[in-house]
Amino acid sequence: MLLNIENLRKSFETPDGSVLTVVDIPAFSLDSGQQTALCGTSGSGKTTFLNLIAGILKPDGGRVELDGCPISEAGEAGRDRLRARTIGYIFQTFNLLQGYTCIENVLLGMSFGPGADRRWARELLGRVGLGQRLDHFPRQLSTGQQQRVAVARALANRPKLVLADEPTGNLDPTSAAESLGLIRETCRENGAALLLVSHDRGVLDQFDNVRDLADINRAAAWPGAGEAKP
Amino acid sequence: MSLLQIVLRSLRQHMLSTVITAFSIALASGLLMSVWVVKDQARANFTGVDSGFDGVFGARGSKLQLVLNSIFHLESSPGNLSWVQYERIADDRRVATAVPIAVGDNYYGYRLVGVTTNLFDVEYREGKKYAVRSGYLFNPSKKQAVVGSFAAERLKLKVGDTFHPYHGLIFEKNKQHAETYVVSGVMEQSNTPADRVIWIPIAGLQNMEGHNAETASDVSAVLVKLRGKSSGMMMNQEFNMQGDVMTFAWPIADTMSKLFNKIAPVEMVLRAVAFLVALVAAGSILASIYNSMNERRREIAILRALGARRSTIFAIVVLEASGIAALGAVAGFGVYYVIMSAAAWFIRQETGIVLNPLEFQPVMVWAPLAMLGLGALAGLVPAAKAYRTDVAENLTPIS
Chain A
323 MLLNIENLRK
333 SFETPDGSVL
343 TVVDIPAFSL
353 DSGQQTALCG
363 TSGSGKTTFL
373 NLIAGILKPD
383 GGRVELDGCP
393 ISEAGEAGRD
403 RLRARTIGYI
413 FQTFNLLQGY
423 TCIENVLLGM
433 SFGPGADRRW
443 ARELLGRVGL
453 GQRLDHFPRQ
463 LSTGQQQRVA
473 VARALANRPK
483 LVLADEPTGN
493 LDPTSAAESL
503 GLIRETCREN
513 GAALLLVSHD
523 RGVLDQFDNV
533 RDLADINRAA
543 AWPGAGEAKP
Chain B
688 MSLLQIVLRS
698 LRQHMLSTVI
708 TAFSIALASG
718 LLMSVWVVKD
728 QARANFTGVD
738 SGFDGVFGAR
748 GSKLQLVLNS
758 IFHLESSPGN
768 LSWVQYERIA
778 DDRRVATAVP
788 IAVGDNYYGY
798 RLVGVTTNLF
808 DVEYREGKKY
818 AVRSGYLFNP
828 SKKQAVVGSF
838 AAERLKLKVG
848 DTFHPYHGLI
858 FEKNKQHAET
868 YVVSGVMEQS
878 NTPADRVIWI
888 PIAGLQNMEG
898 HNAETASDVS
908 AVLVKLRGKS
918 SGMMMNQEFN
928 MQGDVMTFAW
938 PIADTMSKLF
948 NKIAPVEMVL
958 RAVAFLVALV
968 AAGSILASIY
978 NSMNERRREI
988 AILRALGARR
998 STIFAIVVLE
1008 ASGIAALGAV
1018 AGFGVYYVIM
1028 SAAAWFIRQE
1038 TGIVLNPLEF
1048 QPVMVWAPLA
1058 MLGLGALAGL
1068 VPAAKAYRTD
1078 VAENLTPIS
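As you go down the protein sequences, you meet chains A and B in turn. For the first sequence, the numbering used here gives the first residue as 323, with consecutive numbering after it. For the second sequence, the numbering used here gives the first residue as 688, with consecutive numbering after it.
Now the structure itself:
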């Protein structure tokens, strides 16, 4: 099993001083190479859940084990290291660094983990159809092309798990379908598991394994859940 | 990408502020080096120039004025000595060489100094004697002049040219003497105050038309080389402590050192100003990077999300500040060269002393390193801010 989650809890303090629980997941798991879609309404804690898996947030309780490493118990540096080596993250708004070219953005995806490998970065960008745009800056690319760079970057460190947060949210239906196919295919090619969150029915329909966050997150059923800061 | 590449990329991204901040560092570093080098070289040159003499005799008065007048050809003469007094000095068994000089005239601001030809037998520096580059030394009985290299260059005088001297040490157009002097020679560059002087026979200056006939045989000072150091001590005792007729400025370097010691507080103020400029420049690095931190929070969060540790982000910001300081420190050598060239030109113009901007000084190592250190220190504050950046809060909007 690649990812195993038990009794994961995360709460935030609201501006009025009360405590809001955003994530309360008794159990969740993912096998190596498995592709799972996670659906949920806006504010249901999807991003918080992904950030907890990625080690960007530290849980208040429970256990997250990734590739045999208890990420929830690791210190911040340990979580950073695990994220750099094991996880690829595709953000809804791509989060490309505007001052860096396509290939530099992809190189950044591996710089903090296995180390920069220009040939691999070039190959990845070739696979997503941007072999001729290596030295273009994000602002010189279309939205769809930027997303492809984000996909290439997420795979740059040869991750075991790719987290995708509404990756098609900013794309038109045609580009979204194309992009989703690309993400799934490249993850498959690289043997990476995929956990994709979306509330787009068209996206979810393409997955055999779809989980509703409301079913696994006890906190998601609560009114106003996840609307506080992550 | 290596840390260095990330830092360079960031500097490129913030090109304008990088250049402006680096320029302020360059100014500070250049100023620091210039202040130190001018101070050190000026002191070394002024206290090192004795024109090959051990001491100077002159009328009772200030030793400093005497040295400035007779060695550096600055300032007015404190008074005259009679020819008899000169002869008494020259005949003293403790004196190896005595060269009388007389001043009081100029040509377009460049001093005419009346001198005997034995000046040209004295080594002004070990193994170096004043020599003519073209032409020949003046004939003591003729109205001939040997022009210092700098004066010849500025006045565009060459062998065979003639000129009329002007009365006084400061050029006044209506004080032209009737005598006509012929340039018999132009001297080799000596990098001493002698380069700014027009040398003529002492009798010529003493007897210039319009000079007081009663004092025609007086001299302004007598430059002496002594036989041994003990002679200097004895003569110092005899003429300065016990006598009240003449002043004996000895050793020459001591007199100049006293001048520099007197202006030491001014040097300290200059140094303090240079240090303050360095601090302000370091502050500009701090302000420029700190102000950019708000717009860079998302960039930092992205790097963190990609696995960069807090310490990595901290190091990137400190390296960036150091990089700006390093750029500035390198450019500082250019600023230093410009300031020093201007200062050297001005000092040579005014005193004949030559400063060498390219001569190595320890400040050329420690000032750039200090700027680098200050830059790195200045980077600590924005680095701490970057270190504390919350990743989740600064990434994309949450769902």
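Glycine is no exception: its CB is placed at the ideal position from the N, C-alpha and C atoms.
query                                                                                                                 : result
Span of the alpha helix (DSSP H) around LYS912/B                                                                      : Here LYS912/B belongs to no alpha helix (DSSP H); instead the beta strand (DSSP E) covers 908-913.
Cβ-Cβ distance between SER907/B and ILE788/B below 8 Å                                                                : yes
Chain B contact for SER394/A (CB, 8 Å cutoff)                                                                         : no
Between the CA atoms of PHE459/A and GLU445/A - distance to the nearest angstrom                                      : 18 Å
TYR794/B, buried or exposed, once every other Cβ within 10 Å from all chains shown has been counted against 16        : buried
Buried/exposed call for ILE707/B, threshold 16 Cβ in 10 Å                                                             : exposed
Contacting positions in the segment 988-1001 of chain B - beta carbon closer than 9 Å to chain A                      : ALA988, ILE989, LEU990, ARG991, ALA992, LEU993, GLY994, ALA995, ARG996, ARG997, SER998, THR999
CB contact below 8 Å: PRO545/A versus chain B                                                                         : Summary for PRO545/A: the model assigns pLDDT 49, below 50, so the residue's position carries little reliability; its value from the coordinates is reported in the next sentence. By this cut-off, PRO545/A is not an interface position.
Distance between beta carbons of THR370/A and VAL565/A, contact taken as under 8 Å                                    : Here chain A comprises residues numbered 323 to 552, so residue 565/A is not present and cannot be evaluated.
Cβ separation of LEU753/B and ALA936/B, assumed to be a contact under 8 Å, to the nearest whole Å                     : 5 Å
Chain A contact for ALA1070/B (CB, 8 Å cutoff)                                                                        : no
Chain A within 8 Å of ALA1079/B, Cβ atoms only                                                                        : yes
Interface partners of ILE505/A on chain B, CB under 7 Å                                                               : Residues of chain B passing the Cβ test: none, with the nearest at roughly 17 Å.
Contact belief for SER821/B with GLY872/B at Cβ below 8 Å, rounded distance in angstroms                              : 6 Å
For TYR823/B, the three-state DSSP class (helix, strand or coil)                                                      : coil
Same chain only: Cβ atoms within 8 Å of GLY410/A, ignoring 5 sequence neighbours per side                             : GLY431, ARG475, ALA476, LEU477, ALA478, ASN479, PRO481, LEU483, VAL484, LEU485, ALA514
6 Å Cβ shell around GLY435/A - same chain, five flanking residues per side excluded                                   : ALA406, ARG407, ASN479
ALA1054/B versus SER716/B: straight-line alpha-carbon distance, rounded                                               : 6 Å
Outcome for PRO952/B when other beta-carbon atoms lying within 10 angstroms are tallied against a minimum of 16       : exposed
Nonlocal neighbours in the same chain, by C-beta distance under 8 Å from ALA890/B, ignoring five residues either side : GLY801, PRO827, SER828
One or two residues paired with GLU732/B in a DSSP bridge                                                             : Strictly speaking, residue 732/B in this sequence is Asn, with Glu absent from that position. DSSP lists no partner for ASN732/B.
For ASP402/A, the three-state DSSP class (helix, strand or coil)                                                      : helix
Contained alpha helix (DSSP H) runs [length at least 4] in the segment 747-835 of chain B, N- to C-terminal order     : 750-757, 770-778
Cβ contact check for the segment 969-989 of chain B and the segment 1063-1080 of chain B: 3 or more pairs under 8 Å   : yes
CB contact below 8 Å: PRO552/A versus chain B                                                                         : Residue placement at PRO552/A is flagged as unreliable, the pLDDT there being 42, under the threshold of 50; the coordinate-derived value follows with that caveat. With 8 Å as the cut-off, PRO552/A counts as an interface residue toward chain B.
Within 7 Å of chain B by C-beta, residues of the segment 414-435 of chain A in sequence order                         : GLN414, THR415, ASN417, LEU419, GLY421, TYR422, GLU426, LEU429, LEU430, GLY431, SER433, PHE434, GLY435
Cβ separation of ARG385/A and ASN427/A, assumed to be a contact under 8 Å, to the nearest whole Å                     : So it is not a contact: roughly 33 Å between Cβ atoms.
Alpha-carbon spacing of PHE1001/B relative to VAL1068/B, whole angstroms                                              : 10 Å
Test: ASN373/A CB closer than 8 Å to a CB of chain B                                                                  : yes
Reference ALA785/B; option with closest CA among VAL819/B, SER738/B, LEU761/B                                         : SER738/B
Terminal residues of the alpha helix (DSSP H) in which PHE1020/B lies                                                 : 997-1038
Supposed contact pair TYR773/B and VAL909/B - C-beta distance, whole angstroms, cut 8 Å                               : 5 Å
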